[in-house]
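There are 2 protein chains.
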Amino acid sequence: MFYICTENINTMNSLTEENYLKAIYKLVDGEKVAVTTNAIAEKMNTKAASVTDMLKKLSDKKLINYEKYYGVKLTAKGEKIALNIIRKHRLWEMFLVEKLEFGWDEVHELAEQLEHINSEKLVAQIDKFLDYPKVDPHGDPIPDSNGKLQIQKSALLSTFKKNEVCMMTGVVDHSPSFLQYLAKTELTLGSSIRISDINDFDRSLQIAIGKGKPFFISNEVAKNILASVK
Amino acid sequence: MFYICTENINTMNSLTEENYLKAIYKLVDGEKVAVTTNAIAEKMNTKAASVTDMLKKLSDKKLINYEKYYGVKLTAKGEKIALNIIRKHRLWEMFLVEKLEFGWDEVHELAEQLEHINSEKLVAQIDKFLDYPKVDPHGDPIPDSNGKLQIQKSALLSTFKKNEVCMMTGVVDHSPSFLQYLAKTELTLGSSIRISDINDFDRSLQIAIGKGKPFFISNEVAKNILASVK
DNA sequence: AATATTTTTTAGACTAGACTAAATTTTATT
DNA sequence: AATAAAATTTAGTCTAGTCTAAAAAATATT
Ligand SMILES: [Mn+2]
Ligand SMILES: [Mn+2]
Ligand SMILES: [Mn+2]
Ligand SMILES: [Mn+2]
Chain E
0 MFYICTENIN TMNSLTEENY LKAIYKLVDG EKVAVTTNAI AEKMNTKAAS
50 VTDMLKKLSD KKLINYEKYY GVKLTAKGEK IALNIIRKHR LWEMFLVEKL
100 EFGWDEVHEL AEQLEHINSE KLVAQIDKFL DYPKVDPHGD PIPDSNGKLQ
150 IQKSALLSTF KKNEVCMMTG VVDHSPSFLQ YLAKTELTLG SSIRISDIND
200 FDRSLQIAIG KGKPFFISNE VAKNILASVK
Chain H
0 MFYICTENIN TMNSLTEENY LKAIYKLVDG EKVAVTTNAI AEKMNTKAAS
50 VTDMLKKLSD KKLINYEKYY GVKLTAKGEK IALNIIRKHR LWEMFLVEKL
100 EFGWDEVHEL AEQLEHINSE KLVAQIDKFL DYPKVDPHGD PIPDSNGKLQ
150 IQKSALLSTF KKNEVCMMTG VVDHSPSFLQ YLAKTELTLG SSIRISDIND
200 FDRSLQIAIG KGKPFFISNE VAKNILASVK
């Protein structure tokens, strides 16, 4: 049993407020625990005192439930706004990669700007233009216009066993350097990965993509790749 | 003889600073006169006192030449920044109309937001995606990446004579209501217009588009349509 | 040339969002 | 249970951008 927010979320929230809501959403990450002031401060690259100020404001606007010294949770409305920003972020990333020849390693910062553009029609049309994609260029799911999110059940590539075959569905680390590294291999979203060997000592893997020739990846890399059983 | 700015314009200017520069550019409008504080205040929907504050700041940044009580002119660098914002505005309008099924009457406000997105590559790719358009959906010229503007020599439709044939190249009034009115007629950019009659009393026109049947437009409308001799 | 009007600038105050330093509350350790 | 450490909030300050009211300069009118 859970509640759905039917309120109009197209109210005026500042760019800063939107970023705080998004940060809180990402810190909650499905778990039901309250998010701490320090965690938000770190994520937002700001100081705890600034966060406290903003929490009061968001609380006044009924976008979060805030209890002093305890922590903070998004209200249904706050969560819906956060999901809408994430929706826009991921649609823009998809647009940049699919239509404007951007690499998957160079879209995030730009999407951080574009996600704050305020136009329902624009989002709807971009969505249509891309033919309603379900995931973004990094394999992250795109919330629908109601803020509903398709949860995908993937596991870290490092948890698969020898001779298993799986499909790459996403990445954990989104840093340009990691994405650029992957771009130099055959590891892309949708790749069929066969684990041909696992090194007992360092947990590094020998893998093969489709019918390609096998190559090595470190455990560090394998821990940052998401895959689903085929 | 005139000077070209070769300075890097990709410095950090706030959204507000960008809007002031654009407002000043539009108020200069080719003429060499200085722009007044009150004119800027009116265009920016703000008060003269606020304008004075901003003029000091832009002057410190060497983006305008500001003399107290006299008025203000853009420096070469200030003008280049203004033209770059206008370039982005018009490219975004074109993108919205050409690729996302927006009407020409509903893109301006959205472009006011999008023009402040900061990414050289994004602009270059949108330009390429649109196949390097020369004019925006309203017939306004799109500055190139160096800030060079193709000046088009058009005249008001109200200045043409009976039986003359011309081509519609743009609009003076950009308001949604005027654009929506035009959208209901056959008057669109590129339309071949023949002036079949001019009413002496109220200067209203009887015109025909291509081989279409003639219809009337008021002098008020004719004064807001730009056309070039065919 | 003197005076009135308009335009522009200055002075002082406000808000959003940030910061530092100090106070308070919570949590961990003895 | 007392004390130390960590987390959080409060208090006070700062900047960008806005405002109103008053002062100063420029322009128009007599
Ligand atoms: Mn991203
Ligand atoms: Mn992404
Ligand atoms: Mn426009
Ligand atoms: Mn336009």
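Protein chains in written order, with numbering that gives the first Met the number 0: chain E, 0 to 229; chain H, 0 to 229.
Yeah, the Cβ is synthetic: ideal placement off N, Cα and C, and Gly gets one too.
Since the structure is predicted, the reported quantities are computational estimates derived from the model, not experimental observations.
At a C-beta separation below 7 Å, L109(H) has these neighbours in chain E: S118, L121. At a beta-carbon threshold of 7 Å, the residues of chain H lying near Q112(E) are I116, N117, ordered along the chain. Along the stretch 83-105 of chain H, the positions whose C-beta sits under 9 Å from a C-beta of chain E are L95, K98, L99, E100, F101, E105, read in chain order.
Counting along the chain, D126(H) sits inside the alpha helix (DSSP H) bounded by residues 119-128.
Taking a contact to require three or more Cβ pairs closer than 8 Å, the stretch 160-177 of chain H and the stretch 92-101 of chain H do not qualify as touching. Taking C-alpha positions only, K72(E) is separated from K76(H) by approximately 47 Å. Taking 7 Å as the cut-off, one finds at least one heavy atom of ligand 1 near enough to the beta carbon of A110(E). In this structure, the CA atom of G209(E) is about 11 Å from the CA atom of M167(E). For E92(H), the shortest separation between its Cβ and any heavy atom of ligand 3 lies below 7 Å. Interface residue (Cβ-Cβ distance to chain H less than 8 Å): Q179(E) is not classified as such. In the three-state reduction of the DSSP assignment, T168(E) falls in the strand class, which pools E and B.
Listed along chain E are L95, K98, L99, E100, F101, each with a C-beta nearer than 9 Å to that of Q124(H).
Q205(E): member of the beta strand (DSSP E) spanning 204-208, first to last residue.
Taking the Cβ of P136(E) as the reference point, every heavy atom of ligand 4 lies at 7 Å or farther away. Chain-ordered, the chain E residues with CB closer than 8 Å to the CB of F128(H) read K98, L99. In this structure, R193(E) keeps its C-beta atom at 8 Å or more from the C-beta atom of P142(E). The beta carbon of K152(H) lies closer than 7 Å to those of S227 in the same chain, with the five residues before and after it left out. Of K61(E), V164(E), I197(E), F200(E), the smallest CA-CA separation from S190(E) is found for V164(E). Y24(E) sits away from E111(E), with the two beta carbons spaced by 8 Å or more. Rounded to the nearest whole angstrom, the CA to CA distance from P140(H) to D126(H) is 13 Å. Listed in chain order, the non-local C-beta contacts of L148(H) below 8 Å within the same chain comprise L82, P140, P142, local neighbours out to five positions each way being set aside. In this structure, H107(H) has its beta carbon less than 7 Å from a heavy atom of ligand 3. Listed in chain order, the beta strand (DSSP E) elements of length 3 or more contained wholly in the stretch 36-67 of chain H are 63-66. DSSP, read as helix, strand or coil, puts L73(E) in strand.
Here the alpha carbon of V170(E) sits roughly 30 Å from the alpha carbon of K120(E). Here DSSP, grouped into helix, strand and coil, assigns I85(E) to helix. The beta carbon of E92(H) sits closer than 6 Å to the beta carbons of V106, A110, D135, P136 from its chain, once the five residues preceding and following it are set aside; these are given in chain order.
In the displayed model, L188(H) falls within coil according to three-state DSSP, outside both helix and strand. In the structure shown, L156(H) adopts helical secondary structure according to DSSP, grouped into three states. For S13(E), no alpha helix (DSSP H) encloses it, and the DSSP letter there is neither H nor E. The closest heavy atom of ligand 2 lies less than 7 Å from the beta carbon of R89(E). Proximity to V122(H) across S144(H), G138(H), K133(H), L57(H) peaks at S144(H), based on C-alpha coordinates.
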